[in-house]
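Participant:
Residue numbers (our numbering), protein chains in the order written: chain A, 1 to 398; chain B, 399 to 638.
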């Protein structure tokens, strides 16, 4: 019974002094609601932008700049790193295109088509489709232009000039899959490294005859370029730095990804700073308010001591009041903020269905925990003031 | 002496460097009534606070403070010696908890002590004091006299062994004063309480025929002592 009395007395006083309680709750809602709305917007806007970046693997690509000399150790080292999702050697950029690609019916042609080396784990290729020599995966754009689909064949034409004489190597390649436009928008062919090396050798070595250009050759001791994808957006910066230390120049395909990540980090810091200042301000106001409530009820607290309510139970009264007021404040805040976030999302409806304002259970749970901690700590001053009130005060009250 | 509700010797407090209130000797058996009759400012309320243990005493030689056979000292929690079945206190200012209604105020000391009131006694008490129609009202919605009756009911609900009354009718008009004093006297008798009444008006009310404790003022070494005593023996003082 005695354990329940402080809660009973605390609620009775709050109910009796309902106007002051209401003002207290309104003050909390006034501080907390804008903070939660800002948090919801931060989560929604930045979350959606980062989400889009993460969903598109192209944003995790580091593009090799210029030609280098990368041996097998270089590739083994980077492929083994956990922050590397995919890496494959590539030829010099001058050799990574076909002069023309056409469907086997020969009526539709696309000229200067990029040749992209691909292998198992290529983040632009869905599923388990892996190109082998003689096979390709074409981009949707190219497939549309040529009117080809999976199972069809395409013919690629590789041209060179030998002593003023034009020579063309050609071969039919089986279409194994289509890369959707969201993954790769332009016309391109994803080809095996072996076939890409054949293209380079044909262009570089006049001794290779056009009708034997795809004959098997030993692997080269080094490669001029590579395709590299980081495991996550956060890994881009580290990879770029490590490669720069090896004098290997790269640039992120999505320059804004790094900027956005930096922006998100700074925005988080800014939000935490604003929240800390606001919570501290409210904490101070709440502590002073609770202390004032004790002072207003000084004689009542003295009477409680006189009629035998132990000190611990008396000091629990402002603590309970603080917890009740803050809990109600948070509840009202949530009831106010949730419809506002729904309205914001309705007003700024995005095409892809992403929410502009978003509050998760973790955000609300953290708000509740932080609020209750604030309530507890803010009531310490009031609780200690209660302990200093003695029963003789009510005797001398007259 | 073991039957005494109150047994006090040289219990006092120094209030500042120039004034002290001392209860030199006070013994009360169940049902006994004594009046502390002295002029305003003599320390009657302080004396009641000392008796109840609400005011921590200063150290004096030969100090004894025993309530219902229990030695009262500062380390003893109040609820062990001043529960509603041991001490009831009616204050001059009829202070009630402002956010509780009348019946909740009356029952509060019993709830704190975890005791259940005797239902028939509660009915008798509340009925006699005319509080039944006011039970659900807040203190601010009843008169001063009604608040004082509620305070009396609160003090008596646990049938305490000792009832301390601090100028209980001083805030009331004369007609109300006589009525309330009569009610206190009757109810205290019904409850079997020993009563200590602090009043400078007791000579004309229901307690006019009651035994009075002696009071004298004395000055020793620049300190003014206000001494209450049932016993004419000399005060033994040694301020430490």
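Even glycine gets a Cβ: it sits at the ideal position worked out from N, Cα and C.
Can the beta-carbon of residue 123 of chain A be found less than 7 Å from the beta-carbon of residue 57 of chain A?
Facilitator: What you label residue 123 of chain A is simply residue 123 of the first chain in a count that begins at 1. What you label residue 57 of chain A is simply residue 57 of the first chain in a count that begins at 1. The answer is yes: Cβ separation under 7 Å.
Participant: Taking just the CA atoms, how far does residue 60 of chain A sit from residue 253 of chain A?
Facilitator: Locating residue 253 of chain A in the first chain gives position 253, where the first residue counts as 1. Locating residue 60 of chain A in the first chain gives position 60, where the first residue counts as 1. Near 7 Å, if we compare the C-alpha coordinates of residue 60 of chain A and residue 253 of chain A.
Participant: In this structure, how does DSSP classify residue 508 of chain B when only helix, strand and coil are distinguished?
Facilitator: The sequence position of residue 508 of chain B within the second chain is 110, counting from 1. DSSP places residue 508 of chain B in helix when its eight states are reduced to three.
Participant: Would you mind stating whether residue 520 of chain B and residue 557 of chain B have Cβ atoms separated by less than 7 Å?
Facilitator: Your numbering for residue 520 of chain B matches position 122 in the second chain. Your numbering for residue 557 of chain B matches position 159 in the second chain. In this structure, residue 557 of chain B does not lie closer than 7 Å to residue 520 of chain B by Cβ.
Participant: I need the straight-line Cα distance from residue 8 of chain A to residue 349 of chain A, nearest angstrom please.
Facilitator: As a working mapping, residue 8 of chain A is identified with position 8 in the first chain. As a working mapping, residue 349 of chain A is identified with position 349 in the first chain. Roughly 47 Å between the two C-alpha positions.
Participant: Going by DSSP, name the residue or residues bridged to residue 171 of chain A.
Facilitator: Your numbering for residue 171 of chain A matches position 171 in the first chain. According to DSSP, which records beta bridges pairwise, residue 171 of chain A is partnered with A:156.
Participant: What is the DSSP secondary structure of residue 439 of chain B, reduced to helix, strand or coil?
Facilitator: Stepping through the second chain from its first residue, residue 439 of chain B is reached at position 41. In this structure, residue 439 of chain B counts as coil in the three-state DSSP scheme.
Participant: Looking at chain B, which residues of the segment 297-310 of chain A have a Cβ within less than 9 Å of any of its Cβ atoms?
Facilitator: Cβ contacts with chain B come from 297, 299, 300, 302, 303, 304, 305, 306, 307, 308, 309, 310.
Participant: Go through the segment 515-564 of chain B residue by residue and report every complete run of the beta strand (DSSP E) that reaches 3 residues or more, in order.
Facilitator: Entirely contained in the segment 515-564 of chain B, the beta strand (DSSP E) runs reaching 3 residues are, in chain order, 560-564.
Participant: Apart from the five residues on each side of it in sequence, which residues of its chain come closer than 6 Å, Cβ to Cβ, to residue 174 of chain A?
Facilitator: Locating residue 174 of chain A in the first chain gives position 174, where the first residue counts as 1. Counting only Cβ-Cβ distances below 6 Å, and skipping sequence neighbours, we find 135, 153.
Participant: In the DSSP assignment, find the unbroken alpha helix (DSSP H) run with residue 103 of chain A in it and report its ends.
Facilitator: Against the first chain, residue 103 of chain A aligns to sequence position 103. Note, residue 103 of chain A: premise wrong, no alpha helix (DSSP H); beta strand (DSSP E) at 97-103.
Participant: Between the segment 451-467 of chain B and chain A, which residues of the former have a C-beta closer than 7 Å to a C-beta of the latter?
Facilitator: Listed in sequence order: 452, 453.
Participant: Name, going along the chain, the residues of the segment 504-522 of chain B whose beta-carbon falls closer than 9 Å to a beta-carbon of chain A.
Facilitator: Listed by position along the chain: 506, 507, 509, 510, 511, 512.
Participant: Going by the beta-carbon positions, is the gap between residue 403 of chain B and residue 410 of chain B smaller than 7 Å?
Facilitator: Translated into positions along the second chain, residue 403 of chain B becomes position 5. Translated into positions along the second chain, residue 410 of chain B becomes position 12. For residue 403 of chain B and residue 410 of chain B, no; Cβs fall outside 7 Å.
Participant: Grab me the residues of residue 466 of chain B's own chain with a C-beta within less than 7 Å of its C-beta, minus the 5 sequence neighbours each way, in chain order.
Facilitator: Here the question's residue 466 of chain B lines up with position 68 in the second chain. Counting only Cβ-Cβ distances below 7 Å, and skipping sequence neighbours, we find 403, 484, 559.
Participant: Would you mind sorting residue 405 of chain B into buried or exposed? The rule is 16 or more other CB atoms within 10 Å of its CB.
Facilitator: As a position in the second chain, residue 405 of chain B is number 7, starting the count at 1. Counting Cβ neighbours within 10 Å, residue 405 of chain B comes out buried, since at least 16 surround it.
Participant: Flag this pair as touching only if the segment 291-309 of chain A and the segment 496-511 of chain B have three or more C-beta atom pairs under 8 Å; answer yes or no.
Facilitator: They touch, by the three-pair rule.
Participant: Please check the pair residue 596 of chain B and residue 443 of chain B, which I expect to be a contact at CB under 8 Å, by giving their CB distance rounded to whole angstroms.
Facilitator: In the second chain, the residue the question calls residue 596 of chain B occupies position 198. In the second chain, the residue the question calls residue 443 of chain B occupies position 45. The pair is a contact, with the Cβ atoms about 6 Å apart (cut-off 8 Å).
Participant: What are the residues that DSSP puts in a beta bridge with residue 178 of chain A?
Facilitator: If you number the first chain from 1, residue 178 of chain A lands on position 178. Answer is A:138.
Participant: Closer than 7 Å by beta-carbon distance: list the chain B residues that pair up with residue 13 of chain A, in chain order.
Facilitator: In the first chain, the residue the question calls residue 13 of chain A occupies position 13. Near residue 13 of chain A (Cβ distances below 7 Å), the residues of chain B are 497.
Participant: Would residue 270 of chain A be called buried (16 or more neighbouring beta carbons within 10 Å of its own) or exposed?
Facilitator: For the purposes of this step, residue 270 of chain A is taken as residue 270 along the first chain, with counting starting at 1. Residue 270 of chain A comes out exposed.
Participant: Considering residue 596 of chain B, what are the terminal residues of the beta strand (DSSP E) in which it resides?
Facilitator: Position 198 of the second chain, counted from the first residue, corresponds to residue 596 of chain B. First-last of the beta strand (DSSP E) with residue 596 of chain B: 592-596.
Participant: Taking CB distances under 7 Å as the criterion, tell me whether residue 443 of chain B reaches chain A.
Facilitator: In the second chain, residue 443 of chain B corresponds to position 45, counting from 1. Yes, contact with chain A.
Participant: Within its chain, find whatever has a CB closer than 6 Å to the CB of residue 354 of chain A; leave out the 5 residues flanking it on each side and keep chain order.
Facilitator: Taking the first chain and counting its residues from 1, one reaches residue 354 of chain A at position 354. Within the same chain, residue 354 of chain A has close Cβ partners 48.
Participant: Identify the contact partners of residue 315 of chain A in chain B, using a Cβ-Cβ distance below 9 Å as the criterion.
Facilitator: For the purposes of this step, residue 315 of chain A is taken as residue 315 along the first chain, with counting starting at 1. The premise fails here: residue 315 of chain A is roughly 14 Å from chain B at the closest Cβ pair, so nothing lies under 9 Å.
Participant: From A:187, A:105, A:46, pick the residue whose C-alpha is nearest to that of residue 142 of chain A; which is it?
Facilitator: Here residue 142 of chain A refers to the residue found at position 142 of the first chain. Out of A:187, A:105, A:46, A:187 has the C-alpha closest to the C-alpha of residue 142 of chain A.
Participant: Sort A:4, A:55, A:68, A:44 by Cα distance to residue 244 of chain A and report the nearest one.
Facilitator: Residue numbering aside, residue 244 of chain A sits at position 244 when the first chain is read from its first letter. Residue 244 of chain A has its Cα closest to that of A:68, out of A:4, A:55, A:68, A:44.
Participant: If you reduce the DSSP assignment to three classes, tell me which class residue 380 of chain A lands in.
Facilitator: Taking the first chain and counting its residues from 1, the one referred to as residue 380 of chain A is at position 380. If DSSP states are grouped into helix, strand and coil, residue 380 of chain A belongs with the helices.
Participant: Please report the straight-line C-alpha distance between residue 331 of chain A and residue 337 of chain A, rounded to a whole angstrom.
Facilitator: If you number the first chain from 1, residue 331 of chain A lands on position 331. If you number the first chain from 1, residue 337 of chain A lands on position 337. C-alpha separation (whole angstroms): 10 Å.
Participant: To which residues of the same chain is residue 454 of chain B closer than 7 Å at the C-beta, ignoring the five residues directly before and after it?
Facilitator: Indexing the second chain from 1 puts residue 454 of chain B at position 56. Answer for residue 454 of chain B: 472, listed in chain order.
Participant: With 8 Å as the limit, tell me which residues of the segment 331-363 of chain A have their beta carbon closer than that to any beta carbon of chain B; keep them in chain order.
Facilitator: The segment 331-363 of chain A vs chain B, Cβ under 8 Å: nothing.
Participant: Please tell me whether residue 314 of chain A and residue 386 of chain A are closer than 7 Å, where the distance is taken between their beta carbons.
Facilitator: Here residue 314 of chain A refers to the residue found at position 314 when the first chain is read from its first residue. Here residue 386 of chain A refers to the residue found at position 386 when the first chain is read from its first residue. Contact: yes.
Participant: Measure the C-alpha to C-alpha separation of residue 652 of chain B and residue 555 of chain B and round it to an integer number of angstroms.
Facilitator: Because chain B here runs from 399 to 638, residue 652 of chain B falls outside it and cannot be looked at.
Participant: Could you tell me which residues DSSP pairs with residue 108 of chain A in its beta bridges?
Facilitator: Here residue 108 of chain A corresponds to residue number 108 of the first chain, with the count starting at 1. Residue 108 of chain A is not bridged to any residue.
Participant: Please go through the same chain and pick out, in chain order, the residues whose beta-carbon is closer than 7 Å to the beta-carbon of residue 345 of chain A, but skip the five residues on each side of it.
Facilitator: Residue numbering aside, residue 345 of chain A sits at position 345 when the first chain is read from its first letter. Here the set comprises 355, 356, 357.
Participant: I want to verify the contact list: residues of chain B whose CB lies under 7 Å from the CB of residue 394 of chain A, in sequence order.
Facilitator: As a working mapping, residue 394 of chain A is identified with position 394 in the first chain. 489, 493, listed in chain order.
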